Structures are given as C-alpha cells and as structure tokens.
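Here the structure comes first, spelled out in structure tokens, and everything after it is commentary.
Residue numbers (our numbering): 64 to 382.
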C-alpha cells in the first residue's frame with residue numbers, strides 16, 4: 064500500500080502520525096491528572112518514553128557519550144528549558160482545555176522568530192512580523208485576558224512556549240556540535256531527576272494497574288511520536304512536514320469534546336483559526352521565498368555562465 068507513495072508523501076504521513084501520537088498522549092495525560100500529581104505523570108511517562116528511543120540511537124553513537132559535551136553551558140540551557148517546558152505543559156494539559164493549551168504552545172515559532180532576531184541577529188521580513196502580530200491576536204481571541212479569568216494553566220503554557228523557543232534557538236547555536244544521543248538523553252534524564260525530586264517532596268501513591276497502563280501508553284506514544292517526527296523530516300522537506308503540527312488542533316477539539324466536555328465558543332474557534340492560518344502562511348511564505356530564490360539563482364547562473372547551446376542559431380529547416 065505504502066510502496067507506491069513518494070518519499071514526500073510518506074514523510075507527510077509520518078508527521079501526521081507523530082502529531083496523532085503526541086495528541087493522544089496529551090489527552091491521556093489530562094485523563095490521568097485526576098488521580099496523579101504532575102510529578103508522577105512526568106516521571107513515569109519520561110521513563111517509558113525511553114523505550115521507543117532505544118531504536119532511534121545512531122549506531123555510531125553510544126549512550127555513555129551523553130555526557131561528553133562540546134558546549135556544556137549551552138547544552139545545559141537546552142536541557143533545563145526542555146525540562147521546564149515538559150513539566151509546565153503537563154500542568155497546563157491537566158488544568159485547562161486542550162485546545163487552549165495548544166493555542167499557547169503554538170506561540171513557539173512566534174517566540175522563536177523574535178529570539179532569532181535578538182540572539183542570532185537574523186533579518187526578518189516585514190510579512191513575517193505581520194504574521195507574528197496576527198498570531199498574538201489569535202491567542203488573545205482564545206484566552207481573552209480581561210474578559211475571562213486567566214488560570215495558572217494559561218500562564219504555565221505560555222512559559223512552556225517561551226522555554227521551548229529558547230531551547231530551539233540554543234540548539235541552532237550548537238547545531239552540529241553535540242551528538243543526537245546527547246540532545247535526546249540529557250534533557251530526558253534531567254526531566255526524570257526533576258520529577259523525582261518533586262515526588263520525594265510531595266510523596267507518591269502506588270498507582271492501580273489501569274493507571275500504570277495509561278502511564279506506559281503516554282510514554283510510549285511520546286517516544287513513537289518522536290521517532291515518526293524524525294522519519295518525517297528525513298523523508299520530506301520541512302516546508303511539507305511543518306504544517307502537519309496544526310493537525311493537533313483537530314485532535315484537541317475532538318478529544319476535548321468527546322472525553323472532557325470541552326466545547327470552545329465561536330470566538331475561541333475564530334482565534335484558533337487565526338493562529339493556524341498565520342502559522343501556515345508563515346510556512347508557505349518561507350517555501351515560496353526558497354523557490355523564488357532558487358529560480359533566480361538558476362536564472363543568474365544560466366545568464367552569467369551561458370552554455371554553448373545558448374549561442375546556437377536556428378537549425379536548418381526540416382525537409
């Protein structure tokens with residue numbers, strides 16, 4: 064069935080599968096939040112997320128290489144930010160509607176754009192800044208500060224997005240300097256340690272078998288999503304894979320309505336639509352710029368370095 068598909072189509076399907084796995088795991092986290100603390104959820108899901116990751120480690124890398132750091136300060140910053148974002152979004156999923164949590168998480172590319180200007184000194188075009196503002200307006204439509212109560216879960220989701228944006232920006236600074244096993248395992252181990260400290264402080268109870276099953280499913284789904292995401296990026300261009308992240312909004316609305324009685328109003332739906340539209344416009348605009356730049360480079364190369372065929376006159380008339 065899949066053999067007839069192009070690599071790009073397979074990559075897009077892998078990305079859709081990754082988003083479905085992540086969203087299902089997030090819904091399970093929300094369901095488990097009624098019987099477990101966020102530290103218990105975070106600890107056990109992190110443990111079980113390592114199971115699928117065992118199959119993704121490059122053969123040339125070893126687990127003991129995790130702590131062989133080339134940029135230790137920046138790598139530690141990545142690990143701290145990813146740990147912080149993982150713990151905070153767990154709290155958000157448990158305490159606020161899934162769609163609202165995702166809406167704030169989708170600020171990651173917006174915040175990463177701002178950080179790329181401040182930290183990486185990149186040039187950002189005017190249309191990108193317009194889309195940044197539009198995305199913020201979409202978030203304001205969903206959250207509506209001043210018109211409805213802002214819960215702590217909204218705040219933690221925003222801080223999660225900020226921490227994730229800092230992590231992404233830092234990874235770009237150290238790109239190529241650290242091993243993939245380090246980028247995956249070190250933040251995971253720090254997340255594990257932070258949740259363990261939380262468990263030691265507040266205590267933990269022995270979960271029932273169904274709850275243990277839910278925790279295993281959360282972790283495994285997270286690991287599978289990570290592997291599918293890596294495969295998708297390897298098979299298809301980023302411009303085709305990136306839009307698939309917005310399918311999580313559909314899953315959030317579906318799971319929220321079916322299992323948690325979360326029915327967003329018309330204004331919230333409009334805000335979600337604005338966020339998705341701005342995000343897709345940003346991605347497709349980048350793709351269009353790349354295509355135009357490529358064609359312009361091809362045009363310049365052809366005219367700056369003409370081939371002998373360019374000087375041939377018309378051939379003889381056919382007899």
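Just so it is clear, CB atoms sit at the ideal spot from N, CA and C, and this is done for glycine as well. All values reported here derive from a predicted model rather than from experimental measurement.
How is residue i classed by DSSP in three states: helix, strand or coil?
{"i": "residue 134", "result": "coil"}
{"i": "residue 160", "result": "coil"}
{"i": "residue 211", "result": "strand"}
{"i": "residue 96", "result": "coil"}
{"i": "residue 267", "result": "coil"}
{"i": "residue 89", "result": "helix"}
{"i": "residue 145", "result": "helix"}
{"i": "residue 128", "result": "helix"}
{"i": "residue 67", "result": "coil"}
{"i": "residue 182", "result": "coil"}
{"i": "residue 169", "result": "coil"}
{"i": "residue 196", "result": "helix"}
{"i": "residue 103", "result": "helix"}
{"i": "residue 221", "result": "helix"}
{"i": "residue 118", "result": "coil"}
{"i": "residue 188", "result": "coil"}
{"i": "residue 112", "result": "helix"}
{"i": "residue 388", "result": "The chain is shown from 64 up to 382; residue 388 falls before or after that span and cannot be answered."}
{"i": "residue 276", "result": "helix"}
Going along the chain, which residues of its own chain have a beta-carbon closer than 6 Å to the beta-carbon of residue i, five neighbours each way excluded?
{"i": "residue 105", "result": "150, 153 and 258"}
{"i": "residue 373", "result": "With a pLDDT of only 49 at residue 373, under the threshold of 50, the placement of this residue in the model should not be trusted, and no figure is reported."}
{"i": "residue 85", "result": "288"}
{"i": "residue 182", "result": "232"}
Can you give the beta carbon distance from residue i to residue j, rounded, assuming they're within the 8 Å contact cut?
{"i": "residue 244", "j": "residue 124", "result": "4 Å"}
{"i": "residue 15", "j": "residue 169", "result": "Not covered by the structure: residue 15. The range shown for the chain is 64 to 382."}
{"i": "residue 132", "j": "residue 241", "result": "7 Å"}
{"i": "residue 158", "j": "residue 216", "result": "4 Å"}
{"i": "residue 283", "j": "residue 295", "result": "With a Cβ gap of about 18 Å, residue 283 and residue 295 do not count as contacting."}
{"i": "residue 163", "j": "residue 229", "result": "Their Cβ separation, rounded to whole angstroms, is 22 Å, which puts residue 163 and residue 229 out of contact at 8 Å."}
{"i": "residue 277", "j": "residue 95", "result": "5 Å"}
Are there 16 or more other CB atoms within 10 angstroms of the CB of residue i, so buried, or fewer, so exposed?
{"i": "residue 200", "result": "exposed"}
{"i": "residue 171", "result": "buried"}
{"i": "residue 275", "result": "exposed"}
{"i": "residue 160", "result": "buried"}
{"i": "residue 335", "result": "buried"}
{"i": "residue 74", "result": "buried"}
{"i": "residue 347", "result": "exposed"}
{"i": "residue 184", "result": "exposed"}
{"i": "residue 70", "result": "exposed"}
{"i": "residue 263", "result": "exposed"}
{"i": "residue 273", "result": "exposed"}
{"i": "residue 250", "result": "buried"}
{"i": "residue 155", "result": "buried"}
{"i": "residue 385", "result": "Beyond the ends of the chain as shown, which are 64 and 382, falls residue 385; an answer cannot be given."}
Tell me which residues share the same chain as residue i and place their Cβ nearer than 7 Å to its Cβ, disregarding the 5 neighbours each side in the sequence.
{"i": "residue 80", "result": "291"}
{"i": "residue 344", "result": "194"}
{"i": "residue 116", "result": "247, 286 and 289"}
{"i": "residue 320", "result": "326"}
{"i": "residue 176", "result": "187, 191 and 195"}
{"i": "residue 308", "result": "82"}
Skipping 5 residues on each side, what residues in its chain have a beta carbon closer than 8 Å to that of residue i?
{"i": "residue 137", "result": "233, 236 and 237"}
{"i": "residue 378", "result": "Low per-residue confidence applies at residue 378: pLDDT is 49, beneath 50, and the placement is therefore not dependable enough to give any value."}
{"i": "residue 214", "result": "158 and 159"}
Using only the heavy atoms of the ligand SAH, determine whether one of them is closer than 6 Å to the beta carbon of residue i.
{"i": "residue 89", "result": "The model on display carries no ligand, and the ligand SAH is accordingly not part of it."}
- prompt: When the Cβ atoms of the segment 204 to 219 are set against those of the segment 95 to 102, are three or more pairs found closer than 8 Å?
  reply: no
- prompt: Does the segment 216 to 225 come close enough to the segment 137 to 151 to have 3 or more Cβ pairs within less than 8 Å?
  reply: yes
message: Closer than 8 Å is the cut-off here; do at least three beta carbon pairs connect the segment 300 to 319 with the segment 78 to 97?
response: yes
- request: Decide if the segment 252 to 270 is in contact with the segment 109 to 120; the criterion is three or more beta carbon pairs, one per stretch, under 8 Å apart.
  value: yes
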